[in-house]
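Protein chains in written order, with the UniProt record's numbering: chain D, 1 to 343; chain V, 1 to 343; chain A, 1 to 343; chain B, 1 to 343.
There are 4 protein chains.
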Amino acid sequence: MTFRVAVAGASGYAGGEALRLLLGHPQVSIGAVTAFSSVGDTLGAHQPHLRPLADRVIEPTAVEVLAGHDAVVLALPHGQSHAVAAQLGPDTVVIDCGADHRLEDPAAWQQFYGGEHPGTWPYGIPELPGAREQLRGATRIAVPGCYPTGASLALAPALAAGLVRPEVVVVAASGTSGAGKAPKANLLGAEVMGSVSAYGVGGGHRHTPEMVQNLSKAAGQPVTVSFTPLLVPMPRGILSTVSAPVADADLSLGEVRAAYEKAYGDEPFVHLLPEGQWPSTASTLGANTVLLQVAVDAHAGRVIVIAALDNLTKGTAGAAVQCLNLALGLPETTGLPTVGVAP
Amino acid sequence: MTFRVAVAGASGYAGGEALRLLLGHPQVSIGAVTAFSSVGDTLGAHQPHLRPLADRVIEPTAVEVLAGHDAVVLALPHGQSHAVAAQLGPDTVVIDCGADHRLEDPAAWQQFYGGEHPGTWPYGIPELPGAREQLRGATRIAVPGCYPTGASLALAPALAAGLVRPEVVVVAASGTSGAGKAPKANLLGAEVMGSVSAYGVGGGHRHTPEMVQNLSKAAGQPVTVSFTPLLVPMPRGILSTVSAPVADADLSLGEVRAAYEKAYGDEPFVHLLPEGQWPSTASTLGANTVLLQVAVDAHAGRVIVIAALDNLTKGTAGAAVQCLNLALGLPETTGLPTVGVAP
Amino acid sequence: MTFRVAVAGASGYAGGEALRLLLGHPQVSIGAVTAFSSVGDTLGAHQPHLRPLADRVIEPTAVEVLAGHDAVVLALPHGQSHAVAAQLGPDTVVIDCGADHRLEDPAAWQQFYGGEHPGTWPYGIPELPGAREQLRGATRIAVPGCYPTGASLALAPALAAGLVRPEVVVVAASGTSGAGKAPKANLLGAEVMGSVSAYGVGGGHRHTPEMVQNLSKAAGQPVTVSFTPLLVPMPRGILSTVSAPVADADLSLGEVRAAYEKAYGDEPFVHLLPEGQWPSTASTLGANTVLLQVAVDAHAGRVIVIAALDNLTKGTAGAAVQCLNLALGLPETTGLPTVGVAP
Amino acid sequence: MTFRVAVAGASGYAGGEALRLLLGHPQVSIGAVTAFSSVGDTLGAHQPHLRPLADRVIEPTAVEVLAGHDAVVLALPHGQSHAVAAQLGPDTVVIDCGADHRLEDPAAWQQFYGGEHPGTWPYGIPELPGAREQLRGATRIAVPGCYPTGASLALAPALAAGLVRPEVVVVAASGTSGAGKAPKANLLGAEVMGSVSAYGVGGGHRHTPEMVQNLSKAAGQPVTVSFTPLLVPMPRGILSTVSAPVADADLSLGEVRAAYEKAYGDEPFVHLLPEGQWPSTASTLGANTVLLQVAVDAHAGRVIVIAALDNLTKGTAGAAVQCLNLALGLPETTGLPTVGVAP
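And the structure:
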């Protein structure tokens, strides 16, 4: 059986990655590709790597274009998904890569995004406790933010097992595609190559409440998160360094590894590496994988978890396809690469 | 039907890329993975991006390990393929990513590689005139060098159509994976990032005679090639700028485009871009594609062709799998990506 | 004696580099720093690397601000210098980093820039034959384009000595700062990192007539130039590969080296490397140097010259300061670095 | 007055940077340049960016070569400085860029480096409380590690002022020159470009005890440090994210800024940026500066400090020259750049 899937926001990075993955999906045919300012252009002019779609003409992101598909992937700027989704029928599967429907707490929404809370959809990290069940057969799914994906998967098992105290420090280094394709001077190649910088320091980044939401659920108690995002000179990838104080000074590495093996041992996309191997983002490039490694620092009394993922794949569009599979009742791994493109 | 394929040189860049592609090949099962110095290690320790093979143990590159496969891909240092291939049965398909069997002229071999000429195998650029027929069902195939692939596909149509004089200038910018995985100080990240340099200038690069061979065949007359390779700060990709003097001062862009459309219009992997679009290597990352664009410079009296490809995919391991398909009687495109991973 | 120098266009890349160099100049005090859209901002907000000027406030680029300085460096978008310079007194030294006054041929100006030819100023590559004399004491100087600097210095000696035929092929790989600081989607870090592309292929780049002008003078006859610029993933630097057919099939490397040693042996900023060493752009980063190496390809019958420079230093702002020194009667090397920042 | 200074380890990155800075020092003449494996080569073959020294011949690192200089900068692999320094006269100023004499605690030395503790020299971060006085006129100085420089300067003021609890988390992203010039496969350009990875996670990195030593002194009590180093794709630069829990839940940003302004307001090389500006490593490239910014996260209850520096300049060789100035009784800033090379 083949499902017809439209992608809105097809000229951007998330939309391009969604199309790349859907092109490799054996049970998907790509329907409308839509955007705003590039309507009428060929897709080849904006996404030259998507050769099989090079001659496709970009249509407007409008309900009459998107209607009639089995599913629609929304890769729109934050705040635009809600209005589009509201016009699509309840049987159409809508996978939203934007932030509109991720947060449960209206106050957090108000503080970080402003305006009225557009409501909450099932949240698309199937590997978190209890999440997968809510995604199967869902017709509305909120794809998580790229940073929360890494941070949440990195520390949820330790919090769930009570191995660490709920005071989390996240420093995550991201490639610059995470900032999108809208031209800004600080994102020019000449600015970012050869340079690392921090931004949104001190709790201001919009992905912070999403981490708090996920990790508090995992911990079963309120968690604080200190989150510092770094911009590093590469196109893709996030390496998250996530740590928290040990709950017990005698915590052993073996106990920590056991908690992660229990949590992810059967997961197809999340992998605890063997001892002695450390994740690199290149190993996940273009793949829907998260690679993890854990350490216990006895001197500092902390558990440190390193998580590598591709912000556009498992961090956005890969997660979208994984959720699409769950929504459509397909095997969850259908069409999703687990092999990175390296070096 | 499934073919069992071994990869020798599995810990290097070409071998890793061959395994990446073979993992996505629907009619291949991966047999032995072999190497020299890393025997006994898991593949995961050397190729962490190949998750499904992470636990495979690397075996020695020896005839008793390689024998019994339907096909063997050799990704060995230049000069080592000949001896290994000689021990494999004549029915075993051997695809050699090394240089050993590319050159037809023993004098050129002697000049550029030294020692006795190990003989010539069918040459693996199916898109060159007459090449595809020699590759179908062959049991020994020489995969071309990465630079010759770009340069040859870039100018063969113009030479074959008599549009340019046989005096070719090639300047090709390559990512550093082309230099292999053996550690050298001049290939350290700190040396290559933020820097471009030339090497092998003035005719010394070993890929020069291969270009001469290919382009002379296409031209039907002896061709000279001035080849300058550049090392640029990226892991993968080659952008070739290939030019030659026009044969006729009135040559129009339309005539040139017509020659390329005729040559490549039906090819699944080689594409002339629409006017106004220029190839970038990122568009071919991880794909088996070559993207071309052509220009005619009336002032200088030259045809200029730009060719982008991934040196590890269409430039090496993708070509190997394409040739493997031809050797095994499979559809030529089986298992080969035409979608790049960008940005 | 100290000269007071203003910089117009202080928030851009060329202006920032001019300020960096002037900060290290022992006989310059920095006067007004001016710009358009960033008027009123501190310089620290736009050029955070210029610590000693961090608190300077950016003034408007207006004649009343620029007047009264001993010299003014114009680092403005092409086409804006002429009007500004016309308002400055004839005794004020004006160093124009823009293209407005480089070309001597009105037809070439019309073809490549359009509009009325704004006239020609002394051209600021002192190392070209006869150029230095015209720059000493001049009050209006046109700083050359970054690409023409490399290409002209690379081949002028061979053309002047009659060693090559006047049919020049230039392929030059540039860091992305050459494209300026105005935000464009194709210059985003995510687009340029990991990718090489060509642009302006086939004679369309505006620096082509400037190369033709310089090299024709050196050759004493009309020269054709086929110029292909490449965008490579680094912030700064140009590596030019410049070649031409040998005039005499017996031309030896020694003859070529002798011509370059004669041309540049006494130059403080242009260096022919010892045999066996090849230039890298990193070796010139932040320095006012051009590093050259030459080769003779007997098979292809060409002389190939590789030239490395920093597009913002010797390619723009360093040349501006070098010319400023000549204009002000100072030793030509005053305040100019010859040491690169590497790795 | 001019001092004659030798550099041992002149073919490596730290030695090269020391020579770059000493070339710009108005009161230094460069004496012997020495190394091990490259003895007899010209310096130009190993450090092509140091044009004025290109013809210098590398001598062996031996006491008879190094003796007779006013000062010697040792840029040797860890563990080799002690033996060399022991043979130099007590009046010769010895500036050691290696780790041999940094640690005061023999147990920490034994744990992280092994073997007998070679003793402690005055520690070369003049900006730390009480440090400058010990460096003036000293004849033996231990240059700090690159990571400890950033982390210590980042948090010392907050700890000294009692604003945070002594439980420090450091995540520092470094360019790959920090790993040195010895060729290793994991440092190849193809491995590091496009990738971020962590190493030495969990307390294993040798710079950890140096941070503990510095920050405990600043705090006046024992401090724990959780240190995670990241390798990022750039040649130079370190961006440190350093945080600790607030001592008082009501701590305001103003209080924190006041502590840093008090600590560094008069420092020529360490700068707290204005509110709203965040440090980038590019702003410090080639300069002896550290750029800082601070934030208070009320939700997470932490102070976060971002510090940018160039690991080879203020992180190694710039600190060496700064210490040399103090040792020789020169103004501390002599010859040291405060202007970075950007973009």
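C-beta: ideal position from N, C-alpha, C; glycine also.
query, result
"Mind listing the chain A neighbours of Ala342 of chain B? Cutoff is C-beta to C-beta under 7 Å, in chain order.", "His49"
"Assuming the contact rule is C-beta atoms closer than 8 Å, Val164 of chain B and Val303 of chain B should be a hit. Round their C-beta distance to whole Å, please.", "5 Å"
"Tell me whether Pro229 of chain D sits in a helix, a strand or coil according to DSSP, three-state version.", "strand"
"By Cβ distance below 6 Å, which residues in the same chain neighbour Val232 of chain B in space, the five residues on each side in sequence not counted?", "Ala173, Val196"
"Along the beta strand (DSSP E) that carries His271 of chain V, what are the first and last residues, could you check?", "270 to 272"
"At a CB distance below 9 Å, what residues from the stretch 290 to 321 of chain V approach chain B? Give them in sequence order.", "none"
"Counting pairs of beta carbons, one from the stretch 249 to 258 of chain D and one from the stretch 181 to 200 of chain D, are three or more of them closer than 8 Å?", "no"
"How many Å lie between Ala320 of chain V and Gln134 of chain V at the Cα?", "15 Å"
"Is the Cβ of residue 357 of chain V closer than 9 Å to any Cβ of chain D?", "For residue 357 of chain V there is no data in the structure shown, the boundaries of chain V being 1 and 343."
"Quickly, what does DSSP pair Pro245 of chain D with across the bridge? List them, please.", "D:Arg302"
"With a cut-off of 9 Å, does the C-beta of Pro106 of chain B fall near any C-beta of chain D?", "no"
"When you compare each of B:Arg206, B:Asn288, B:Leu76 to Gly237 of chain B by their alpha carbons, which one comes out closest?", "B:Asn288"
"Counting only the same chain and skipping the five closest in sequence on each side, list residues whose C-beta sits under 6 Å from that of Arg56 of chain B.", "Val33, Leu43"
"Suppose the cutoff is 6 Å on Cβ atoms and the five residues either side in sequence are ignored; what does the same chain contact list for Arg132 of chain A look like?", "Pro126"
"Are Ser177 of chain A and Tyr13 of chain A closer than 9 Å when you measure CB to CB?", "yes"
"Pop quiz: Thr224 of chain A and Val168 of chain A are said to be a contact at Cβ under 8 Å. What is the actual Cβ separation, rounded to whole angstroms?", "7 Å"
"At 3 residues or longer, what runs of the beta strand (DSSP E) sit wholly inside the stretch 278 to 335 of chain V?", "290 to 297, 302 to 309"
"In its own chain, which residues sit with a C-beta less than 8 Å from the C-beta of Thr139 of chain V, not counting the 5 before and 5 after it?", "Pro90, Asp91, Thr92, Val93, Val94, Ala327"
"Can you list the residues of chain D that Glu267 of chain B reaches, using a CB-CB cut of under 7 Å?", "Chain D residues near Glu267 of chain B: none, gap ~21 Å exceeds 7 Å."
"Between which two residues does the beta strand (DSSP E) harbouring Arg140 of chain D extend?", "140 to 142"
"Relative to chain V, which residues along the stretch 195 to 227 of chain A have a C-beta separation below 7 Å, given in chain order?", "Ser195, Val196, Ser197, Ala198, Tyr199, Val201, Gly202, Gly203, Thr224, Val225, Ser226"
"Where Asn214 of chain B and Pro222 of chain B are concerned, what is the direct C-alpha to C-alpha distance, given to the nearest angstrom?", "10 Å"
"Where are the beta strand (DSSP E) runs, 3 residues long or more, that stay fully inside the stretch 130 to 216 of chain B, in chain order?", "140 to 142, 167 to 174"
"Could you check whether the Cβ of residue 363 of chain A sits closer than 9 Å to any Cβ belonging to chain V?", "A query on residue 363 of chain A cannot be resolved here, the shown segment of chain A reaching from 1 to 343 and no further."
"Do the stretch 59 to 69 of chain A and the stretch 79 to 90 of chain A meet, that is, are 3 or more Cβ pairs less than 8 Å apart?", "yes"
"Between the stretch 2 to 19 of chain A and the stretch 289 to 297 of chain V, do at least 3 Cβ pairs fall closer than 8 Å?", "no"
"Count the C-beta pairs between the stretch 262 to 282 of chain A and the stretch 200 to 207 of chain A that are closer than 8 Å, then say yes if the count reaches three, no if not.", "no"
"Around the C-beta of Gln110 of chain V, are 16 or more other C-beta atoms found within 10 angstroms, so that it is buried, or is it exposed?", "exposed"
"Is the separation between the beta-carbon of Asp41 of chain V and that of Leu74 of chain V shorter than 9 Å?", "no"
"Helix, strand or coil: how does DSSP classify Arg236 of chain A here?", "coil"
"Can you pull the chain A neighbours of Ser177 of chain D, defined as C-beta to C-beta under 8 Å?", "Ala190"
"Classify Lys262 of chain B: buried if its beta carbon has 16 or more other beta carbons within 10 angstroms, exposed otherwise.", "exposed"
"Please report the straight-line C-alpha distance between Ala142 of chain D and Ala258 of chain D, rounded to a whole angstrom.", "30 Å"
"Starting from Ser81 of chain D, trace the alpha helix (DSSP H) in both directions and tell me its first and last residue.", "81 to 86"
"Contact criterion: CB-CB distance below 9 Å. Does Arg20 of chain A meet it with respect to chain D?", "no"
"Using three-state DSSP, classify Gly31 of chain B as helix, strand or coil.", "strand"
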